[in-house]
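Chains A and B are the protein sequences, given in the same order.
The opening residue of the first sequence carries number 172 in the working numbering; numbering runs sequentially from there.
The opening residue of the second sequence carries number 45 in the working numbering; numbering runs sequentially from there.
Here a beta-carbon is modelled for each residue, glycine too, at the ideal position from N, C-alpha and C.
All remarks here apply to the structure that follows.
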Amino acid sequence: DAGVIQSPRHEVTEMGQEVTLRCKPISGHNSLFWYRQTMMRGLELLIYFNNNVPIDDSGMPEDRFSAKMPNASFSTLKIQPSEPRDSAVYFCASSLTDRVYGYTFGSGTRLTVV
Amino acid sequence: DQQVKQNSPSLSVQEGRISILNCDYTNSMFDYFLWYKKYPAEGPTFLISISSIKDKNEDGRFTVFLNKSAKHLSLHIVPSQPGDSAVYFCAAKSGGSNYKLTFGKGTLLTVNP
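As structure tokens, this is what we get:
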């Protein structure tokens, strides 16, 4: 199994531009999580999907952030418009159940907004 | 408000010695605790966990201790190896949620040969 696949690995964009991060979970996993890592706040849960349905988006920082999961094998996290304070590493994780025990993280996308 | 705190940003130990990584938490509702290890340019990987009904869990060279009265847990690595050099994250799950993990900011462990 290739694990959780995220793309791109690195993204540099100008303030105000739209950014789309992509995630392919492990086949058969029905739970998907988006986390953000910053120096100030560490790793924070942004949104959680179960069976492609958003269950908890309370961690999404503001309306500029949106996430979708159109099918079991693909999810996107979009920032529009992007701001310098969005610079962080964004991780996607998937799990077979909705329980924390089986989280598998992707390698992350390092986003830099200049 | 950091509910999970790792107060040591970094730790350096000699190969073969013990590494002790510490974690404090403030939320009494946390009922399950995990440690993740993260190498550069990779995602965190699960290392070891402990339920709040236990005070110790061991897996090979790794042991996690939980002191609920002090709201403190620690990860012991014995003996430490250079390959253990990584960032270690402490994480906790609340009893009110099956899925949400609250992470600390991490501790960078360097094991010197």
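field: For residue 133 of chain B, the nearest candidate out of B:92, B:112, B:58 and B:104 (CA to CA)
entry: B:92
- request: Return yes when the Cβ of residue 193 of chain A is within less than 8 Å of the Cβ of residue 247 of chain A, no when it is not.
  value: yes
query: Under 8 Å Cβ-Cβ, which residues of chain B neighbour residue 262 of chain A?
result: 87 and 88
- prompt: Considering only the beta carbon of each residue, do residue 149 of chain B and residue 213 of chain A sit closer than 8 Å?
  reply: In this structure, residue 149 of chain B sits near residue 213 of chain A, with a CB-CB distance shorter than 8 Å.
message: Which residues of the region 128–148 of chain B have a Cβ closer than 7 Å to any Cβ of chain A? Give them in chain order.
response: 133, 137, 142, 143, 144, 145, 147 and 148
query: Could you give the residue range of the beta strand (DSSP E) that holds residue 285 of chain A?
result: Premise fails: residue 285 of chain A is in no beta strand (DSSP E) and is neither H nor E.
task: Would you mind working out which of B:49, B:135, B:129 and B:126 sits nearest residue 211 of chain A, comparing C-alpha positions?
output: B:49
- prompt: In its own chain, which residues sit with a C-beta less than 6 Å from the C-beta of residue 39 of chain B, not counting the 5 before and 5 after it?
  reply: Within the shown structure, residues of chain B are numbered from 45 to 157, placing residue 39 of chain B beyond reach of any answer.
- prompt: Using the beta-carbon of each residue, which ones in chain B are nearer than 8 Å to residue 267 of chain A?
  reply: In chain order: nothing, as chain B lies at least about 12 Å away.
message: Once DSSP output is grouped into helix, strand and coil, what is the label at residue 126 of chain B?
response: helix
Whole-angstrom C-beta distance between residue 78 of chain B and residue 151 of chain B, which should lie under 8 Å: A Cβ-Cβ distance of about 14 Å is found for the pair residue 151 of chain B and residue 78 of chain B, leaving them out of contact under the 8 Å criterion.
field: Ranges of the beta strand (DSSP E) found wholly within the region 81–154 of chain B, counting only runs of at least 3
entry: 89–95, 100–103, 106–111, 116–121, 130–138 and 145–147
- prompt: Would the beta-carbon of residue 263 of chain A fall within 8 Å of that of residue 190 of chain A?
  reply: no
message: Below 7 Å, is the gap between the Cβ of residue 279 of chain A and the nearest heavy atom of the ligand FMN?
response: As presented, the structure is devoid of all ligands, the ligand FMN included, so that no description of it is given.
field: Cutoff 8 Å: residue 245 of chain A Cβ touching any chain B Cβ
entry: no
- request: Kindly confirm or deny that the region 193–209 of chain A and the region 241–257 of chain A touch, where touching means at least three C-beta pairs closer than 8 Å.
  value: yes
- prompt: Whose C-alpha, out of B:120, B:116 and B:115, is nearest the C-alpha of residue 108 of chain B?
  reply: B:120
Residue 261 of chain A: first and last residue of the uninterrupted beta strand (DSSP E) it sits in: 259–266
field: Cβ shell of residue 51 of chain B (< 8 Å), same chain only, five flanking positions each side left out
entry: 66 and 68
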